[in-house]
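Here's the structure we're looking at; comments come further down.
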Amino acid sequence: MFALVDAVSFYASAEKVFDPAIRNKPVVVLTNNDGCICAVCPIARKLNIPKFQPYFKVKGYLAKHNVVIRSSNYELYADLSEKMMNIVGRYCDNQYVYSIDESFLQFTGFKRLVDDWHEYGHNIRLAVWREAKLPVGVGFGTTPTLAKAANHAAKKLSGYNGVAIIDNEASRQEILTKMKVTDVWGIGTRLGKKLQLMGIHTALDLANCNARDMGRLFSIVIERTISELNGIQCLSWDDIKQVKKEIFSSRSFGKRITHIESLQSALAAHCNIVARKLRRQKSLTKRIVIFASSSPHENNYYKKFFMHDFAVATSDTCIITKAMNYILPSLFQPGVRFYRCGVGAIELETAQFMQMDMFNINKDKPELMACFDKINNRFGQGTLKLACEKSAVSWQMKRYFLSPQFTSRWRDIPKIYCK
DNA sequence: TCTGGGGTCCTAGGACCC
DNA sequence: TCTGGGGTCCTAGGACCC
11 MFALVDAVSF YASAEKVFDP AIRNKPVVVL TNNDGCICAV CPIARKLNIP KFQPYFKVKG
71 YLAKHNVVIR SSNYELYADL SEKMMNIVGR YCDNQYVYSI DESFLQFTGF KRLVDDWHEY
131 GHNIRLAVWR EAKLPVGVGF GTTPTLAKAA NHAAKKLSGY NGVAIIDNEA SRQEILTKMK
191 VTDVWGIGTR LGKKLQLMGI HTALDLANCN ARDMGRLFSI VIERTISELN GIQCLSWDDI
251 KQVKKEIFSS RSFGKRITHI ESLQSALAAH CNIVARKLRR QKSLTKRIVI FASSSPHENN
311 YYKKFFMHDF AVATSDTCII TKAMNYILPS LFQPGVRFYR CGVGAIELET AQFMQMDMFN
371 INKDKPELMA CFDKINNRFG QGTLKLACEK SAVSWQMKRY FLSPQFTSRW RDIPKIYCK
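Be aware that the first sequence starts at 11, since it is given in the numbering used here, and climbs by one per residue.
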């Protein structure tokens with residue numbers, strides 16, 4: 011048995027945790043640079059506010075309906091996420107945190123312990139609400155894809171009230187019939203349209219297709235999805251938990267950049283993030299890609315990238331940043347109004363089986379990096395950084411509607427007034 | 001003033017090699 | 001004289017997710 015636990019519009023709910031005044035109001039959260047809407051709370055959803063629309067296009071509509079607007083407060087979300095995951099983790103010895111607000115649980119040998127999954131799911135919901143003030147949905151299923159489907163039912167279909175279970179043919183049919191095919195995990199709008207033309211409208215329609223034929227027609231992904239919808243497990247626990255095959259860090263700037271120093275500062279920050287992520291999943295990279303571009307919405311769209319190969323795979327911030335600095339002059343072009351840049355680690359290998367090079371001395375400093383991580387994890391990211399990262403003032407993202415750093419800054423700590 | 005997110009994986013097609 | 005197989009790697013772009 012699998013379960014998927016995730017929060018109801020996590021970012022919007024997180025904004026409500028320390029601000030009871032907005033709990034009963036429509037709230038939306040914007041992406042970096044206040045670019046698009048990325049989270050819509052259930053109250054705001056009733057106003058038909060579309061997700062991932064540019065903010066400036068719906069500004070007027072939001073103002074008209076007194077919608078509360080917040081910029082993304084990642085410091086806050088990261089803390090609340092950790093808190094939520096710890097609570098959920100108490101209910102299963104086998105948890106995988108899949109994204110900032112989702113975690114998969116795998117229950118093996120729980121038959122004797124749990125005789126009512128429904129009650130168990132509600133216990134999880136109750137605990138998260140009581141301790142973290144976050145609403146979550148819980149979906150149980152015999153495969154990861156069915157757990158995802160049940161989670162969808164728990165949150166979006168009427169009559170489930172936050173918990174849904176697919177553990178027999180009746181419950182499977184009932185839920186899949188009520189789901190649109192595009193609500194299935196792995197089926198997006200593009201594939202959805204093609205399927206509609208084939209007369210496949212609901213999740214059950216899709217489940218009833220021949221997996222092999224559909225696989226030939228589309229891809230291996232859809233083949234696995236169909237099997238999983240039929241209770242045949244294709245995604246093993248190890249698949250879900252698999253380490254990333256590539257790691258990127260990129261961001262658009264708060265304002266356009268025209269100086270090489272600013273670009274260097276931003277790229278150095280991305281090198282740092284990528285290297286940290288590599289170390290966290292115990293990977294090394296053999297090759298990185300460094301890229302920068304102007305805005306695709308403007309004329310003279312400029313877009314460039316460069317690859318760099320390492321003789322010995324690495325996760326060392328200093329080595330990766332050095333490669334970036336080497337590439338930087340070729341990437342930069344005077345006159346271009348840079349809008350975005352980033353760093354990607356591709357071709358990863360596990361740190362456990364490090365392949366050395368006979369003619370190159372390994373310059374990694376694992377002890378230094380371990381110390382670096384320890385200090386930054388304890389005192390906050392950015393406490394220690396390379397000099398060429400400088401400060402982010404020239405390229406920092408716009409966050410006009412930022413809520414206080416309730417959990418990560420002393421002066422923002424919530425205050426309770428007693429009469 | 002002028003505005004448009006970020007991350008990961010898969011696939012098709014071409015180049016190249018033996 | 002002219003034709004033919006099969007594998008790997010690279011790259012751009014597509015698709016999906018939250």
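No residue lacks a Cβ here, since even glycine has one placed at the ideal position from N, Cα and C.
With a CB to CB cut of under 8 Å and the five nearest residues on each side skipped, what residues in its chain are close to ALA157? Locating residue 157 in the first sequence gives position 147, where the first residue counts as 1. Correct list, in chain order: PHE12, ALA13, LEU14, PHE114, GLY149, PHE150, GLY151, ILE176.
Report the CB separation of GLU233 from GLY241 in whole angstroms; it is logged as a contact under 8 Å. Residue mapping note: residue 233 aligns to position 223 of the first sequence, counting from 1. Residue mapping note: residue 241 aligns to position 231 of the first sequence, counting from 1. With a Cβ gap of about 15 Å, GLU233 and GLY241 do not count as contacting.
Could you give the uninterrupted runs of the alpha helix (DSSP H) lying entirely in the segment 56-89, keeping only those of 4 residues or more? Counting only runs of at least 4 residues, the segment 56-89 fully encloses the following alpha helix (DSSP H) elements, listed from N- to C-terminal order: 65-74.
Taking MET334 and VAL346 to be in contact with their CB atoms under 8 Å, please state how far apart those CB atoms are, rounded to whole angstroms. By one-based count along the first sequence, residue 334 stands at place 324. By one-based count along the first sequence, residue 346 stands at place 336. Contact between MET334 and VAL346 is absent: CB atoms are separated by about 18 Å, not below the 8 Å threshold.
Using only the alpha-carbon positions, how far apart do ILE97 and PHE20 sit? For the purposes of this step, residue 97 is taken as the residue at position 87 of the first sequence. For the purposes of this step, residue 20 is taken as the residue at position 10 of the first sequence. Spanning the two alpha carbons is a distance of roughly 16 Å.
Cutting at 8 Å between CB atoms, please list the residues of its own chain near ILE329, excluding the five before and the five after it. Locating residue 329 in the first sequence gives position 319, where the first residue counts as 1. Closer than 8 Å at Cβ, skipping near neighbours: PHE320, LYS373, ASP374.
Separation of VAL194 from CYS244, as counted between CA atoms: Position 234 of the first sequence, counted from the first residue, corresponds to residue 244. Position 184 of the first sequence, counted from the first residue, corresponds to residue 194. CYS244 and VAL194: Cα-Cα distance of roughly 15 Å.
Whose CA, out of ALA24, THR360, LYS400, lies closest to the CA of LEU412? By 1-based counting over the first sequence, the position of residue 412 is 402. Ranking ALA24, THR360, LYS400 by Cα distance to LEU412 puts ALA24 first.
Around the Cβ of ALA73, are there at least 16 other Cβ atoms within 10 angstroms (buried) or fewer (exposed)? Along the first sequence, one-based indexing puts residue 73 at 63. Its Cβ having fewer than 16 others within 10 Å, ALA73 is exposed.
According to DSSP, is VAL138 part of a helix, a strand, or is it coil? Locating residue 138 in the first sequence gives position 128, where the first residue counts as 1. For VAL138, the secondary structure class from DSSP, reduced to helix, strand or coil, is helix.
I'd like to know whether the C-beta atoms of ARG266 and PHE348 end up nearer to each other than 8 Å. Working through the first sequence from its first residue, we reach residue 266 at position 256. Working through the first sequence from its first residue, we reach residue 348 at position 338. Cβ distance < 8 Å, so ARG266 and PHE348 count as in contact.
Within the segment 116-183, note down every full beta strand (DSSP E) run reaching 3 residues or more, in order along the chain. Segments of the beta strand (DSSP E) lying fully in the segment 116-183: 146-151, 173-176.
Roughly how many angstroms separate the alpha carbons of VAL403 and ARG419, rounded to a whole number? Here residue 403 refers to the residue found at position 393 of the first sequence. Here residue 419 refers to the residue found at position 409 of the first sequence. Cα-Cα distance, rounded: 19 Å.
Around the Cβ of TYR65, are there at least 16 other Cβ atoms within 10 angstroms (buried) or fewer (exposed)? As a position in the first sequence, residue 65 is number 55, starting the count at 1. TYR65 sits buried, since 16 or more C-beta atoms from the chains shown fall within 10 Å of its C-beta.
Quick one: is ASN43 buried, meaning 16 or more other Cβ sit within 10 Å of its Cβ, or exposed? Residue mapping note: residue 43 aligns to position 33 of the first sequence, counting from 1. Classification of ASN43: buried, given that the 10 Å Cβ count is 16 or more.
Between the Cα of HIS162 and the Cα atoms of LEU40, PHE389, ILE185, which residue gives the shortest distance? Reading the first sequence from its first residue, position 152 is the one you call residue 162. If we check each option's Cα against that of HIS162, ILE185 comes out closest.
Span of the alpha helix (DSSP H), counted from its first residue to its last, around GLN274: The sequence position of residue 274 within the first sequence is 264, counting from 1. For GLN274, the enclosing alpha helix (DSSP H) begins and ends at 270-290.
Over what stretch of residues does the beta strand (DSSP E) that includes VAL430 continue unbroken? What is shown of the chain runs 11 to 429, which leaves residue 430 out entirely.
Is it true that the CB of THR268 sits closer than 8 Å to the CB of LEU358? Taking the first sequence and counting its residues from 1, one reaches residue 358 at position 348. Taking the first sequence and counting its residues from 1, one reaches residue 268 at position 258. Against a cut-off of 8 Å, the Cβ pair of THR268 and LEU358 comes out as no contact.
Taking LEU396 as the reference, which of THR360, TRP405, ASP326, PHE258 has the closest Cα? Against the first sequence, residue 396 aligns to sequence position 386. Here the closest residue by C-alpha is ASP326.
What did DSSP end up calling TYR349 once you bin it into helix, strand or coil? On the first sequence, position 339 is the one that residue 349 refers to. Three-state DSSP puts TYR349 in a strand.
Take every Cβ of the segment 47-65, pair it with every Cβ of the segment 383-391, and state whether three or more of those distances are shorter than 8 Å. Too few Cβ pairs lie closer than 8 Å, so no.
Taking DSSP as the reference, what is the three-state secondary structure of GLU256? Counting from 1 along the first sequence, the entry for residue 256 is found at position 246. The answer is coil: DSSP assigns GLU256 none of H, G, I, E or B.
With DSSP run on the structure shown, which of helix, strand or coil describes THR187? Here the question's residue 187 lines up with position 177 in the first sequence. THR187 falls in the helix class under three-state DSSP.
How far does the alpha helix (DSSP H) with ILE236 in it extend, from its first residue to its last? On the first sequence, position 226 is the one that residue 236 refers to. From DSSP, the alpha helix (DSSP H) with ILE236 extends over 230-239.
Segment limits, alpha helix (DSSP H) that includes ALA217: Residue mapping note: residue 217 aligns to position 207 of the first sequence, counting from 1. Its alpha helix (DSSP H) spans residues 213-217.
Any idea what DSSP makes of ILE267, helix, strand or coil? On the first sequence, position 257 is the one that residue 267 refers to. ILE267: strand per DSSP, three-state reduction.
Suppose you measure from the CA of HIS318 to the CA of GLN252; what does that come to, to the nearest Å? On the first sequence, position 308 is the one that residue 318 refers to. On the first sequence, position 242 is the one that residue 252 refers to. Within the model, the alpha-carbon separation for HIS318 versus GLN252 is close to 25 Å.
Judging by CA-CA distance, which residue of ASP126, GLN406, ALA22, PRO376 is the nearest neighbour of ARG290? On the first sequence, residue 290 is found 280 positions in, with the first residue counted as 1. Here the closest residue by C-alpha is PRO376.
Taking just the CA atoms, how far does GLN406 sit from LYS314? For this step, residue 314 is matched to residue 304 along the first sequence. For this step, residue 406 is matched to residue 396 along the first sequence. In this structure, the alpha-carbon of LYS314 lies about 21 Å from that of GLN406.
Of the choices THR331, ALA180, ALA160, GLN183, whose alpha-carbon is the least far from that of VAL173? Start at 1 with the first residue of the first sequence, and residue 173 comes out as number 163. Residue nearest to VAL173 within the set THR331, ALA180, ALA160, GLN183 is ALA160 (criterion: CA-CA distance).
Spatial distance of LEU136 from MET94 (CA atoms): The sequence position of residue 136 within the first sequence is 126, counting from 1. The sequence position of residue 94 within the first sequence is 84, counting from 1. In this model, LEU136 and MET94 are separated by some 12 Å (Cα to Cα).
Between LYS165 and TYR312, what straight-line distance do the alpha-carbon atoms span, to the nearest angstrom? The count along the first sequence starts at 1 and reaches residue 165 at position 155. The count along the first sequence starts at 1 and reaches residue 312 at position 302. Going from the Cα of LYS165 to the Cα of TYR312 covers about 43 Å.
Helix, strand or coil at CYS102 [DSSP, three-state]: The residue you call residue 102 lines up with position 92 of the first sequence. Judged by DSSP in its simplified three-state form, CYS102 adopts coil rather than helix or strand.
Relative to the C-alpha of GLN116, which candidate in ILE110, ARG286, SER109, CYS102 has its C-alpha closest? The residue given as residue 116 occupies position 106 in the first sequence. When C-alpha distances from GLN116 are compared across ILE110, ARG286, SER109, CYS102, the shortest belongs to CYS102.
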